[in-house]
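Using the working numbering, the first residue of the sequence shown is number 62, and each one after it goes up by one.
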Amino acid sequence: MQKLPLIFSCALFLSACGAKQASAEAAPEDPVVADVKFDADSAYAYVARQVAFGPRVPNTEAHRQCGEWLVSELRRHGAEVTEQRATLRAFDGTDLKALNIFGRYNPEAERRVLLLAHWDCRPWADQDPDPANHTRPVDGANDGASGVGVLLEVARQLSAAAPEQGVDILFVDAEDWGTEGDDQSWAMGARYFVENPPVKDYRPDHAILLDMVGGKEAVFCREYFSEQAAPALASTLWGIAASRGYGDLFLNRLGGAVTDDHVQLIAHGIPAVDIIEYHPESDSGFNSRWHTASDNMEGISAATLGAVGETLMDFLYRK
Ligand SMILES: [Zn+2]
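Here's what the structure looks like:
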């Protein structure tokens, strides 16, 4: 994903015109903190397992093997799984053999939420301080594997006790083969999914995207496009996090505008929120390991994965 260059003008515009900003009114819906099950160590192990395949760059053996494993894990946890395969032409002319993995729980339920994360890795560590790494792929422990790891643990918990509402879990491919300044070069798997939904007239009530949710010093601000498309959902999620004691991670303030998979959903009428590590004071907005050779397991914290996973599980089981 990339941060949009107009981020600061967006933020200024918001405050200048007095338009909607992340407000302090995100009170939890329910004062009683629900007892939810989410094993942070299991989520951590799921992240490590993906990284152990090697960088999951499209058209590589590590990518193929990890894709197979993700399908089998979702099936093992009781999801009804569709493998959506497509050849996607990247901005540089490369044909990417892409695989979106779509798992459904309680497929008959009308009320549905879509949870998603990208599972591919960036082919180039082009933000690395060492130029020699700019042509090498990233491990993607945080950028890719963390969101998928949390959702695999969610799937494991859902297999034990599915909530009333329908839950769909989507691992999208080809998010990170993009180039700066070309919005359409990112999130190709998500775009293919919304343009070719594997279920006729697929229309979840809303969607939650997890991206870079395992960082050791992570904070999550309310992302700009999410705030435009789904402010109530963002308020609910940030409120739940605060009620569970994670207000120091989920900062109730506006963050940047990030080109990510959720933008494709929003463009197709699905309100979506991106939970993504964001540091308003840093140049890139992202943490210092982003798109570098250091995006490895050393940067991953089970505690951060747990805070995000618990928040998500609490949301899924609310009436
Ligand atoms: Zn990325």
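Note that CB positions come from ideal geometry on N, CA and C, so glycine has one too.
Note that the coordinates shown come from a computational prediction; the quantities given were computed from them, not determined experimentally.
Quiz item: Would the C-beta of Arg22 count as close to ligand 1, meaning under 7 Å from any of its heavy atoms?
Solution: Outside the modelled stretch of the chain, which goes from 62 to 380, sits residue 22, for which no answer is possible.
Practice problem: Entirely within the segment 126-166 and at least 4 residues each: give me those alpha helix (DSSP H) ranges in chain order. | Solution: none
Exercise. Round the Cβ separation of Asp375 and Asp204 to the nearest angstrom and send it over; I've been treating them as touching at under 8 Å.
Key: About 25 Å separates the two Cβ atoms, so there is no contact after all.
Quiz prompt | Cross-strand partners of Gly227 (DSSP beta bridge) | solution = Arg173
Quiz prompt | C-alpha distance - Pro190 paired with Phe347, whole-angstrom precision | solution = 15 Å
Self-check item: For His329, three-class secondary structure by DSSP
Solution: coil
Exercise. Verify whether the separation of the beta carbon atoms of Pro119 and Pro198 is less than 8 Å.
Key: no
Practice problem: Return the bridge partner residues of Gln63 from the DSSP annotation. | Solution: Thr320
Quiz item: Going by the beta-carbon positions, is the gap between Leu270 and His323 smaller than 8 Å?
Solution: yes
Exercise. Over the uninterrupted alpha helix (DSSP H) stretch that includes Leu213, give me the two end residues.
Key: 208-221
Self-check item: Spatial neighbours of Val112 in its chain, beta-carbon cut-off 8 Å, leaving aside the 5 residues before and after
Solution: Asp200, Gly201, Ala202, Ala206, Asn357, Met358
Exercise. Determine, using beta carbons only, whether Tyr339 and Gly360 come nearer to each other than 8 Å.
Key: no
Exercise. Would you list the residues sitting across from His195 in a DSSP beta bridge?
Key: His195 is not bridged to any residue.
Exercise. Report the residue from Asp335, Gly164, Ala104, Pro332 whose alpha carbon sits nearest the alpha carbon of Glu214.
Key: Ala104
Quiz item: How big is the Cα-Cα spacing for Asn257 and Phe232?
Solution: 15 Å
Quiz item: Where does Val97 fall in DSSP's three states?
Solution: coil
Exercise. List the whole-angstrom C-beta distance separating Phe281 from Leu312, where the pair is believed to meet the contact cut-off of C-beta under 8 Å.
Key: 7 Å
Quiz item: What residues in its chain sit with their C-beta under 8 Å from that of Gly148, if we drop five residues either side in the sequence?
Solution: The amino acid at residue 148 is misidentified as Gly; the sequence shows Thr. These residues qualify, in order along the chain: Asp156, Leu157, Lys158, Ala159.
Quiz prompt | Cutoff 6 Å; reference Ala87; Cβ partners in own chain excluding five residues on either side | solution = In this prediction, Ala87 scores a pLDDT of 48, lower than 50, which makes its location untrustworthy; the coordinate-derived value is nonetheless stated afterwards. Here the set comprises Ser296, Trp299, Gly300, Asn313.
Quiz item: Would DSSP call Gly114 helix, strand or coil?
Solution: For the record, residue 114 in the displayed sequence is Phe; it is not Gly. DSSP places Phe114 in coil when its eight states are reduced to three.
Quiz item: How close, in whole Å, do the beta carbons of Val174 and Asp266 come, if the pair is a contact with beta carbons under 8 Å?
Solution: 6 Å
Quiz item: Is any heavy atom of ligand 1 found at a distance shorter than 7 Å from the C-beta of Asp237?
Solution: yes
Quiz item: Are Tyr166 and Gly210 closer than 8 Å when you measure CB to CB?
Solution: no
Quiz item: For ligand 2, is there a heavy atom less than 7 Å away from the beta-carbon of His267?
Solution: As presented, the structure is devoid of ligand 2, carrying ligand 1 as its sole ligands.
Exercise. With a threshold of 16 other CB atoms inside 10 Å of the CB of Val260, please say whether the residue is buried or exposed.
Key: exposed
Quiz item: Where does Pro89 sit, in a helix, a strand or coil, going by DSSP?
Solution: Note on Pro89: pLDDT 49, under 50, position unreliable in the model; no value is reported.
Practice problem: Using the Cα positions of Glu275 and Leu177, report the straight-line distance between them to the nearest angstrom. | Solution: Residue 275 is actually Gly in this sequence, not Glu. Distance between the alpha carbons of Gly275 and Leu177: 15 Å.
Exercise. Out of Ala193, Arg137, Ile230, point me to the one whose CA is closest to Gly164's CA.
Key: Ile230
Quiz prompt | Residues near Pro89 in its chain [Cβ-Cβ closer than 8 Å; skip 5 each side] | solution = With a pLDDT of 49 at Pro89, under the threshold of 50, the modelled position of this residue cannot be trusted, and the question is left open.
Self-check item: Where Ser343 falls, given that 16 or more other Cβ within 10 Å makes a residue buried
Solution: exposed
Quiz item: Considering only the beta carbon of each residue, do Ala106 and Phe114 sit closer than 8 Å?
Solution: no
Quiz prompt | Opposing strand residues paired with Ala178 [DSSP bridges] | solution = Phe232
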